[in-house]
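Asker: I am attaching a structure below and will ask some questions about it afterwards.
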Amino acid sequence: MSNAGCKTAILISGSGTNLQSFIDRSADGGMALDLSLVFSNRPEAYGLTRAKNAAIDTACIEHEDFESREQFDRAVAAKLDEWKPELLVLAGFMRILSPWFVGHYEGRILNIHPALLPAYTGLNTHERVLEAGDEFHGSTVHFVTEELDGGPRILQGRIKVAPTTDPQELMARVQEVEHEIYPIAADWFAQGRLSCRDGDVLLDNERLAGPIVQDFA
Ligand code: GRF
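Heads up, the sequence shown is in the numbering used here, so the first residue is -19 and it goes up one at a time.
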């Protein structure tokens, strides 16, 4: 799969349903993204199979083979840079990134987090939302900075938690939202409409005061 668009590497560790949403959206045409490479730190990640099925290049380096976080990150970057990516899309990449790596791709890494950030950084977000009895839940696309799940927020997909009471069901509903919003935000970047400057998000030359929020049923 190739076009003359923004060269993008998608980084995964697992199933890759978000990756699949990019593949499907690209196949439909009209995306400015060029899915150049799928990278995994786990050879068994099913997302690698999804990439191969879509004829996208893949690469894998296992983090267990490195003594430090930064040594692994430098090896990853050396591999990624063979494809000269303009954008990195983290899609279930279960690694904390070193400051070196974030600096190397400054303003060019996106992540999606399954919560309405700044609420619920970290893991087990669906369980924590249900325990707290929150009315709303969702997912956030944001630029990556050194602060875990703390970078400038771009786009949120929001749902009402009710009537769901099961974390797995809630996760499935949130993932459906992710599959809608993540390709949209990444494609804004690929079109040159979205950037991060001095900690601010610029969309179509306007500074966002907060993330754009889209409501889903
Ligand atoms: C997503 O829920 C995303 O929010 C989180 O990791 C999950 C990845 O799922 N960062 P998948 O591998 O794309 O199915």
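Glycine residues also receive a C-beta, built at the ideal position from the N, C-alpha and C atoms.
1. Are the stretch 132 to 140 and the stretch 163 to 177 touching by the rule of at least three beta carbon pairs closer than 8 Å?
2. Give the secondary structure of Leu182 by DSSP, where H, G and I count as helix, E and B as strand, and everything else as coil.
3. Which of helix, strand or coil does DSSP assign to Asn21?
4. Who are Gly137's beta bridge partners in DSSP?
5. Between Thr38 and Val18, which are expected to be in contact by the criterion C-beta below 8 Å, what is the C-beta distance as a whole number of angstroms?
6. Express the C-alpha separation of Leu90 and Ile(-8) in angstroms, rounding to a whole number.
7. From Lys(-13) to Ile36, what does the alpha carbon distance come to, in whole angstroms?
8. Using the Cα positions of Glu115 and Arg177, report the straight-line distance between them to the nearest angstrom.
9. Can you find the residues in the same chain that come closer than 7 Å, C-beta to C-beta, to Met(-19), ignoring five residues on each side of it along the sequence?
Answerer: Quick look at the numbers:
1. Yes: at least three Cβ pairs fall under 8 Å.
2. Strand, per DSSP.
3. Residue state, collapsed to three classes: coil.
4. Gly137 is bridged to Ser119, Gln194.
5. That pair is a contact at about 5 Å.
6. In a straight line, the C-alpha of Ile(-8) is about 12 Å away from that of Leu90.
7. When rounded, the distance between both Cα atoms is 12 Å.
8. If you take the alpha carbons of Glu115 and Arg177, they lie about 33 Å apart.
9. Confidence is the limiting factor: at Met(-19) the pLDDT is only 40, short of 50, which leaves the residue's position unreliable, though a coordinate-based value still follows. Contacts found: Ser6, Leu15, Ala34, Ala35, Ile36.
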